[in-house]
Amino acid sequence: MLEIKNLHVKLQEEDKVILRGVNLHIGSGEVHAIMGPNGSGKSTLSYVLAGREGYEVTAGSALLQGEELLEMEPETRAAAGLFLAFQYPVEIPGVGNMTFLRTAVNAQRKARGEAEISSGDFLKLVRERANTLKIDADMLKRPVNMGFSGGEKKRNEILQMAMLEPKMCILDETDSGLDVDAMKLVSEGVNALRDAGRSFLVITHYQRLLDHITPDVVHIMAAGRIIKTGGPELALEVENNGYADLLAEVE
Amino acid sequence: MSAPQKNRADLAVRLGGDLPVFAGFTQTARARAMARLQAVGLPHSRDEYWRYTAPDLLNGAVPNLGAQHPQGQLGAKLNPLVLTFCDGVFDAAASSDLALLGGKIALLSNANTDLHFAQDIYGSLEERGQTPVARPFAALNTALAQEGVILHIKGKIARPILLNYVAKADLSDVILHHCIKLDAGAEVTILEQGSLGARGNLVIEADLATGSALHHIRSQTSDDAALAVTHLFACLHANAALKSFTLSAHGRLIRNEAVIELVGDHASAHVAGASLTDGPDHHDDTVFITHQGRACESRQVYKNVLKNGAVGVFQGKILVRQTAQKTDGYQISQSLLLDGDSQFLAKPELEIYADDVKCSHGSTAGAIDDTALFYLQSRGVPRAQAQALLVLAFMAEAVEEISSPDLAEDMRAQVEAVLQRSRL
Ligand SMILES: Nc1ncnc2c1ncn2[C@@H]1O[C@H](COP(=O)(O)OP(=O)(O)OP(=O)(O)O)[C@@H](O)[C@H]1O
Ligand SMILES: [Mg+2]
C-alpha cells in the first residue's frame, strides 16, 4: 500500500534536517504504529506524505499503491486515497462542517471521475456516521472545528475519514485529548473501517490506543529515523521502560 | 494653486462651456446643487476624505469600456420587475411594464411628471448629506443626472425591483439618480446590477417613513475598467430598517459612499460591502452614519479581498448626537491580502456626544490562512476551490447582512465567478 524509501526531509526555510532516511513498508490491510520521543519527526513524516508546504524532500520516495506521492498536489494525494487525521485539527471560521464534508467528498469523487453524491444520500450518510461517533447535529452545523473541544476535534477527524473512505489512513496522535469513552468510540470507528483493502499508520505515545486497535507492526522513530521495528510487544516495552534503552541500543 | 482653487479649476474643466438646461420638477433642486458644487469644486487629494483615494482618475478623461462580464439576472428566483438603463438611457423594451409596480413610479427624464413627493425628495437628502463633509460628486449628480427612477412605495412590494445597468458605448459618462420614498410600513427590495457606463456616477436617495423597510442589494462586478462613484443617502424615521449590501469587483476605481441618518427612534441601518480587487484597481467604501433618534442600531460590515498591488480603502464614521441615547453602533472593516503588494487603508471614526451608548469598531488586515488552505486540500479540495471557500468564509459576515437566502446565494455564486475569472 505505502512504500517509503530512504526519505530525507529538511525545513525549506532553514538548514534544519528532520527526517534522515525513513524506510517503511505498509502492506494492504495492515495496521502499523509509530511511537517515538517528542520531536523525533513523526508529524513531519505525516505532513510530508500529505503534501504540506514548508518542507523540502532532499532524497527518497514515497509510493502509494505504486504511485509517487511526493510529486502530487495535496488534493491529488487525497483523491488517490491518502488521509491524514491531524495532530492539531484546524479551525476554519466561516466554513460550515457540513459544507466542508460535502465539498471534500464531491471533490474527491470528481477527481476520480465519479458523479457527485446527492444531497439526500449525503445527509443520510453523514448522520449515520456522525451518530456512531456521537457527533451531534449541532457540531455538524458549526464552522469546521470552531469551538470544538480537543476530543470533539479528534472525533471530527475520524468522521471525515469515515466519510472519505480513504485507502491509506494516517492517524497522528488521534488518541491524545480523548477521554476513555471517546477513545473507545474512535477505536471502534477505526476498527469498523479495517479491511483488506485499507491500511493504517497510527502515530501514538500510548499503549492504550493499541489495546483497542491492535497493530500488526510497531516502529520506533527517533531523530528522524525508524530505529526499531517489532510486533505489538514493542509498544508495551516502551510503555514500561520508556525510550532510553532503545535509544542506547542504536548508539 | 491653493486646494479650493484647484478643486474649482477641475470643475470648470469637467463642466465645459454651457451648462445643460433642465426643465420640470427637478429644476430648482438642480440649480441649488450646482451652486453647492460651484462653491466646493471637484474633490482634490488634499481634501480630508480623498487622501486615500486620489480623485484624479474620476476627474479626468472618460475611459473606454473594459471587458464586460455579464451575469445572470440577480434575484431571478424572486422574479424581479426589471428596469433597464443602457448607457444611462432607460430602455423600455428591456424593462418590465411600469404599471405592474403597484406603487407610483416615474422616470426622471419625464419632465412633466406630476409627482409632488418627488419634488420634495430629489436632491434634498443629498443636500443634507453635504454637511459636515462635502460630497461634490453627489452634488454634481443632482445637478446633472440624466435619468433615474422615482419610486413611491406604499405597501409591501413582494417582487424585487431590479435596476439593470448595461454599458455599451466607449466613453459613456453616465449619471443616474434614483429616489425612493417608502410610506409608513412599506417594504421593498431594490436590486442593482451591471455597469452604469465607462464612467458612472450614481445617487440613491431613500426616505424611510415610520416602520418601513428597504432592502438594497447591489452587484457591481461587470466591467473591468469602469470608474464608479456611488452615494446612498438614506433617512430613517422611527422603527424603519435599512439593509444595504454591495458586492464589487473588477472596476478600475470604485468609491461607494453611504450617508445614513437615523432620525427616528428604534431605527436600524445595516450597510455592508464585500469587494474583490485586483491591482492596480482601487476600491473605496466611505460610510457616514449619524445617530439622532434614541435606541437606534447601526452596523457597518466591510470585507475587502486584495491582490496584485490593489488598494482598499475604508472610511467609516459613526456620529452619535446628544439625543441618541441607547445607541448601538457596530463597525468592522477587514481585508484579506492575498499577497504582500496590496494595501488596506482604514480610517474608522467614532464621534459620540451621548453618554449611554454602545459603540464598537475594529479593523484588520491579514493574509489567507495557509494552514486552513492545506487542511482543505488534504481533504481533496483543489487549491483554487479551497481558496474560494476561504474567501467566501472571510466575506460571510457581510453576505449575512442580506436577508433573502436566494439573494445571498446569488452573491456567493457571483463571488465564485469573480474568483474564477480573475484568478485572485
Ligand atoms: N515548520 C517547522 N518549523 C520549525 N521547526 C519544525 C517545523 N516542523 C517541524 N519542526 C521541528 O522538527 C522536529 C520534528 O517535529 P515533529 O512535529 O515532526 O515531531 P513529532 O515526532 O511529531 O513530535 P510530537 O511527539 O511532540 O508530536 C521538531 O524539532 C520540530 O520542532
Ligand atoms: Mg507530532
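Residue numbers (the working numbering), protein chains in the order written: chain A, 24 to 274; chain R, 100 to 523. Quick reminder that beta carbons are idealized off the backbone N, C-alpha and C, glycines included. Source: prediction; values computed, not measured.
Excluding the 5 residues flanking it on each side, LEU472/R has same chain C-beta neighbours closer than 6 Å at ALA485, in chain order.
Judged by their CB atoms, ILE303/R and LEU331/R are nearer to each other than the 8 Å cut-off. Beyond the five residues adjoining it in sequence on each side, GLU246/R comes within less than 7 Å, by CB distance, of PHE184, GLY187, VAL188, PHE189, LEU206, LEU207, SER208 and LEU275 in the same chain, given in chain order.
Taking non-hydrogen atoms of ligand 2 into account, the C-beta of ASP198/A is found less than 7 Å away from none of them.
By the rule that beta-carbons nearer than 8 Å mark a contact, GLY117/A touches chain R. Rounded to the nearest whole angstrom, the CA to CA distance from GLY159/R to ALA244/R is 18 Å. At a Cβ-Cβ threshold of 8 Å, ALA283/R and GLY310/R count as neighbours.
Along the length of the region 179-229 of chain R, whole alpha helix (DSSP H) runs at least 4 residues long occupy 215-220 and 223-227, reported in chain order.
Its chain contains LEU281, LEU313, ALA333, CYS334, LEU335, HIS336, ALA339, ALA340, LEU341 and ALA366 as the residues whose beta carbon lies nearer than 8 Å to that of LEU307/R, once the 5 sequence neighbours on both sides are disregarded; these appear in chain order. At a cut-off of 8 Å, the C-beta of THR422/R has no neighbouring C-beta in chain A. Contacts between ALA102/A and chain R, judged by CB atoms closer than 8 Å, involve GLY479 in chain order. Near chain R, meaning a CB-to-CB distance below 7 Å, the residues of the region 124-139 of chain A are THR126, ALA127, ALA130, GLN131 and ALA134. For ARG298/R, the enclosing beta strand (DSSP E) starts and ends at 298-307. Considering only GLN110/A, TYR111/A and GLU90/A, the residue with the shortest C-alpha distance to ALA101/A is GLU90/A. Contact between the region 430-439 of chain R and the region 394-412 of chain R is present: three or more C-beta pairs spanning the two stretches fall below 8 Å. Look at ARG75/A: its C-beta is under 8 Å from a C-beta on chain R.
Using a 10 angstroms sphere on the CB of ASP269/R, the tally of other CB atoms stays under 16, which defines it as exposed.
Taking a Cβ-Cβ cut-off of 8 Å, the neighbours of ASP469/R in chain A comprise GLU76, given in sequence order. Annotation for GLY253/A: VAL241 place their beta carbon closer than 6 Å to its own, counting only its chain and skipping 5 residues before and after. Take PHE443/R, set aside five residues on each side of it, and the residues of its chain with a beta-carbon closer than 7 Å to its own are ASN403, LEU405, GLY411, SER434, LEU436 and ALA464, in chain order. DSSP, read as helix, strand or coil, puts GLY465/R in strand. For ASN168/A, there is no enclosing alpha helix (DSSP H), since its DSSP letter is neither H nor E.
Not a single C-beta of chain A is nearer than 8 Å to the C-beta of TYR429/R. With contacts defined by Cβ atoms closer than 8 Å, ASP427/R and GLY392/R do not form a contacting pair. Counting only residues of its own chain and dropping the five nearest sequence neighbours on each side, LYS105/R has a CB closer than 7 Å to the CB of HIS143. For ALA327/R, there is no enclosing alpha helix (DSSP H); the residue is found in the beta strand (DSSP E) stretching over 326-335. Under the 10 Å beta carbon count, SER141/A is surrounded by fewer than 16 other beta carbons and is classified as exposed. Interface annotation, PHE344/R: not in contact with chain A, CB-CB separation never under 8 Å. Under a 10 Å Cβ-count criterion, GLY62/A is classified as exposed, with fewer than 16 other Cβ atoms of the shown protein chains found around its own Cβ. Boundaries for PRO235/R: no beta strand (DSSP E) harbours it, while the alpha helix (DSSP H) harbouring it runs 235-243, taken from the DSSP string.
GLN110/A has its Cβ nearer than 7 Å to a heavy atom of ligand 2.
Within the region 38-123 of chain A, the complete alpha helix (DSSP H) segments at least 4 residues long are 65-73 and 97-102, listed from N- to C-terminus. If you ignore the 5 residues before and after GLY174/A, its C-beta comes within less than 7 Å of the C-beta of GLY200, LEU201, ASP202 and ALA205, all in its own chain and listed in chain order. Non-local beta-carbon contacts of LEU182/A in its own chain, meaning distances under 7 Å to residues more than five positions away in sequence, involve ARG152, ALA153, LEU156 and ILE158 in chain order. CA-CA distance, ALA297/R to LEU199/R, rounds to 31 Å. Closer than 7 Å to some heavy atom of ligand 1: that does not describe the Cβ of LEU177/R.
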